[in-house]
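What follows is one structure encoded as structure tokens, with my remarks underneath.
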Amino acid sequence: MCGILANFNYNVKINKKHLKLIENRGLDNFGITDFNEIKNYFKVDKIHEVPNNFIFHNLHAIVSQVNQPILKKYFYFATNCEIYNYKNLKQNANSDSLVLFDLLTSSLLPLKLNDRDELIKQSLNALKIELNKVDGVFSFILYNKRDNLVFIAKDFFGIKPMKYAFENNNLLICSEGKVIEKIFDDNNINNFDINNLDGNKIICFDLNNNKMCDEEIDSNLYEVNGKYIKDENKILNELDNLMVSSIKKRVPKNIKFGVLFSGGIDSTLIVMILKHLGYNFVCYNSCFASDDMRVSPDFTFAQTFCKENNIEFKSNFCTMFNLKKNIKTVASIIEDVDPIKLGVALPFYFVSQLAKKDSVDVLFSGLGSEECFAGYSRHLDILNAGGDVNKECIEGFKNIQFRDLYRDDLILMSNNIELRLPFLDKDLVKYSFLIDSSLKINDEQKKIILRKYARKYIKDELFINRKKLGAQYGSNFDKAIIKLAKEKGFKSKKEFVNSLK
467 MCGILANFNY
477 NVKINKKHLK
487 LIENRGLDNF
497 GITDFNEIKN
507 YFKVDKIHEV
517 PNNFIFHNLH
527 AIVSQVNQPI
537 LKKYFYFATN
547 CEIYNYKNLK
557 QNANSDSLVL
567 FDLLTSSLLP
577 LKLNDRDELI
587 KQSLNALKIE
597 LNKVDGVFSF
607 ILYNKRDNLV
617 FIAKDFFGIK
627 PMKYAFENNN
637 LLICSEGKVI
647 EKIFDDNNIN
657 NFDINNLDGN
667 KIICFDLNNN
677 KMCDEEIDSN
687 LYEVNGKYIK
697 DENKILNELD
707 NLMVSSIKKR
717 VPKNIKFGVL
727 FSGGIDSTLI
737 VMILKHLGYN
747 FVCYNSCFAS
757 DDMRVSPDFT
767 FAQTFCKENN
777 IEFKSNFCTM
787 FNLKKNIKTV
797 ASIIEDVDPI
807 KLGVALPFYF
817 VSQLAKKDSV
827 DVLFSGLGSE
837 ECFAGYSRHL
847 DILNAGGDVN
857 KECIEGFKNI
867 QFRDLYRDDL
877 ILMSNNIELR
887 LPFLDKDLVK
897 YSFLIDSSLK
907 INDEQKKIIL
917 RKYARKYIKD
927 ELFINRKKLG
937 AQYGSNFDKA
947 IIKLAKEKGF
957 KSKKEFVNSL
967 K
């Protein structure tokens with residue numbers, strides 16, 4: 467993943483310390499343009515002056531080293547992307563970011579209209595058509611200098627983050643909201659709104675007329691027609707095709723990678739498919755450890771499984787000393803003191819530290835499986851109330867970027883590690899909406915069809931039938947927060963975490 471920061475017209479002082487807030491999002495190059503020239507630096511400290519209007523990009527190179535921002539005629543571009551089908555989009559290509567840029571600009575350059583509203587309308591439609599050809603995850607900024615239009619867009623499920631503030635033809639954009647907030651605070655601007663760019667969305671900002679227009683990328687992304695598939699064998703075969711394809715396309719070439727491994731059904735399935743495909747990787751786990759606390763369930767399951775299947779396993783044990791030292795930092799990174807989000811973020815933070823010591827650049831996660839295959843209690847509530855479980859799954863996907871994805875991205879990128887999510891593959895997700903709810907959930911079990919499919923790769927029923935346990939509980943970090951709250955004299959963990967603001 468990479469970092470993006472851009473300012474158009476806000477009368478604010480932005481300096482090196484603001485750029486450094488997203489430094490860990492990419493350490494391979496630091497590029498900046500004032501729309502007259504583009505300069506590239508190997509360290510952010512080498513940037514001595516930040517212009518008033520600019521696009522800044524720091525690169526986390528996975529596919530290739532292509533420094534950004536990029537210029538073609540009057541279009542400036544910076545992106546945070548992994549485009550899995552870029553070689554299909556352009557033969558002999560060696561850069562996904564360049565392919566994405568060429569795809570977008572090739573559709574926009576022919577548009578020369580005097581009617582500004584029509585230009586914006588046709589530009590949004592052209593971008594929509596091209597982005598529907600893309601298989602991957604992305605957020606980007608594309609500036610049309612000739613017409614003073616800024617386009618930003620985000621992938622279908624909102625995996626790549628982007629925030630913005632827009633007022634009176636002033637526009638500030640960043641991968642992380644905390645940077646925008648810090649810039650405003652340092653410039654004594656008190657009244658502002660920081661907005662989240664939704665997944666599956668393109669926005670055009672007209673900086674001449676203080677207008678913004680948006681467009682859905684895939685208008686059929688969440689379409690459910692009620693004609694669900696009940697043929698179990700057909701579903702199992704198709705799931706295997708989709709899962710294997712999703713995992714293979716996400717494996718980085720010539721890059722060390724690992725798996726966030728809890729020993730739950732989702733991460734265990736990913737691990738065994740990776741092993742079946744012959745990849746080399748390490749399973750990483752983190753948990754809180756204390757003499758007065760039982761060993762973390764996730765650690766026990768994960769260690770046991772890896773030992774039984776001859777898979778390399780590493781774990782990071784967090785002590786109360788380390789928790790006290792880091793909990794406020796983690797709350798600051800995720801921009802939130804919600805007890806659940808913090809409890810999930812803590813094991814991810816420590817495990818990403820461990821992986822970074824091994825020079826790992828990519829970690830796989832099983833996030834998204836619950837929404838694909840109905841793994842939450844609310845899905846059972848809908849079923850028992852006579853509702854449509856798949857529609858509830860769709861609602862979950864609409865919220866996953868705010869509930870989970872932003873937090874996980876911030877945590878891993880704080881240690882310069884990219885997150886890859888096989889269950890959030892567009893083809894897999896759309897197919898999951900077609901599976902009849904009777905094959906997903908009943909009163910006895912959740913994610914029924916996924917567990918049946920997992921038997922192809924996992925032989926131990928203990929792991930196939932393991933019930934869901936949230937990361938904060940399976941890692942013991944929820945108990946650790948409660949223990950620390952009591953030690954600090956707070957009546958509840960909520961009261962304690964609120965004190966971390």
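467 is the number of the first residue of the sequence shown in my numbering; add one for each residue after it. All C-beta atoms, glycine included, are put in the ideal place defined by N, C-alpha and C.
{"Asked": "Please classify T785 as buried or exposed, where buried requires at least 16 other C-beta atoms within 10 Å of its C-beta.", "Found": "exposed"}
{"Asked": "Run the CB neighbour count on K957, radius 10 Å, all protein chains shown included, and call it buried at 16 or more, exposed below.", "Found": "exposed"}
{"Asked": "Count the other CB atoms, across all protein chains shown, that sit within 10 Å of the CB of P576; report buried if there are 16 or more and exposed otherwise.", "Found": "exposed"}
{"Asked": "Give me the Cα-Cα distance between P813 and F771, rounded to the nearest whole angstrom.", "Found": "19 Å"}
{"Asked": "Measure the alpha-carbon distance for N490 versus I877 and round it to whole angstroms.", "Found": "10 Å"}
{"Asked": "From the DSSP output, read off the bridge partner residues of M678.", "Found": "F671"}
{"Asked": "Expressed to the nearest angstrom, what Euclidean distance is found between the alpha-carbon atoms of N931 and G841?", "Found": "12 Å"}
{"Asked": "Let's see if you can read the secondary structure: which residues bound the beta strand (DSSP E) around R760?", "Found": "It is not in any beta strand (DSSP E) - R760 carries neither H nor E in the DSSP assignment."}
{"Asked": "For D732 and G832, I'd like the C-alpha separation in whole angstroms.", "Found": "5 Å"}
{"Asked": "Report back the beta-carbon spacing between L885 and L829 to the nearest angstrom; my notes put them in contact at under 8 Å.", "Found": "6 Å"}
{"Asked": "Between Y540 and N481, is the Cβ-Cβ spacing less than 8 Å?", "Found": "no"}
{"Asked": "Tell me the DSSP bridge mates of V748?", "Found": "G724"}
{"Asked": "DSSP on R886, reduced to helix/strand/coil?", "Found": "strand"}
{"Asked": "My parser needs the alpha helix (DSSP H) runs of 4 or more residues fully inside the segment 772-844; what are they?", "Found": "786-800, 805-823, 835-839"}
{"Asked": "Express the C-alpha separation of D500 and C838 in angstroms, rounding to a whole number.", "Found": "43 Å"}
{"Asked": "Using 8 Å as the threshold, is the C-beta distance between V725 and V737 below it?", "Found": "yes"}
{"Asked": "Report yes if the CB atom of S825 is closer than 8 Å to the CB atom of A768, and no otherwise.", "Found": "no"}
{"Asked": "So what does DSSP say about Y540, is it helix, strand or coil?", "Found": "coil"}
{"Asked": "By how many angstroms is the C-alpha of L820 removed from the C-alpha of Y750?", "Found": "8 Å"}
{"Asked": "What span of residues does the alpha helix (DSSP H) with G940 cover, start to end?", "Found": "937-940"}
{"Asked": "So which of F962, L564, I504 has the shortest CA-CA distance to S530?", "Found": "L564"}
{"Asked": "Return the first residue and the last residue of the alpha helix (DSSP H) that Y872 is part of.", "Found": "872-879"}
{"Asked": "Under the DSSP definition of a beta bridge, which residues are partnered with S605?", "Found": "N546, K620"}
{"Asked": "Please list, in chain order, all residues of the same chain as Y923 whose beta carbon is under 7 Å from its beta carbon, the five residues on each side excluded.", "Found": "L735, M738, I739, H742"}
{"Asked": "Please name the residue in D875, D854, V796, K823 whose C-alpha comes closest to that of L966.", "Found": "V796"}
{"Asked": "For Y526, which residues does DSSP report across the bridge?", "Found": "Per the sequence presented here, residue 526 reads as His, with Tyr not at that position. None; H526 has no bridge partner."}
{"Asked": "DSSP three-state call for E689: helix, strand or coil?", "Found": "coil"}
{"Asked": "Which whole-angstrom value describes the C-beta separation of I488 and G497, a residue pair presumed to lie in contact below a C-beta threshold of 8 Å?", "Found": "So it is not a contact: roughly 13 Å between Cβ atoms."}
{"Asked": "Expressed to the nearest angstrom, what Euclidean distance is found between the alpha-carbon atoms of K822 and V803?", "Found": "25 Å"}
{"Asked": "Report yes if the CB atom of V460 is closer than 8 Å to the CB atom of I625, and no otherwise.", "Found": "A question about residue 460 goes unanswered here, because the residues of the chain that appear run from 467 up to 967."}
{"Asked": "In whole angstroms, give me the CA-to-CA distance for K719 and L890.", "Found": "20 Å"}
{"Asked": "Thinking C-alpha only, which one of L579, K620, L590 is nearest C547?", "Found": "K620"}
{"Asked": "For a test of the three-state rule: what should DSSP assign to F632, helix, strand or coil?", "Found": "strand"}
{"Asked": "Within the same chain, show all residues whose beta-carbon is closer than 7 Å to that of I646, passing over the 5 residues directly before and after it, in chain order.", "Found": "K629, A631, L638, C640, I660"}
{"Asked": "Does the Cβ of F522 have 16 or more other Cβ atoms within 10 Å, making it buried, or fewer, making it exposed?", "Found": "buried"}
{"Asked": "Could you tell me whether the Cβ atoms of N676 and N635 are closer together than 8 Å?", "Found": "yes"}
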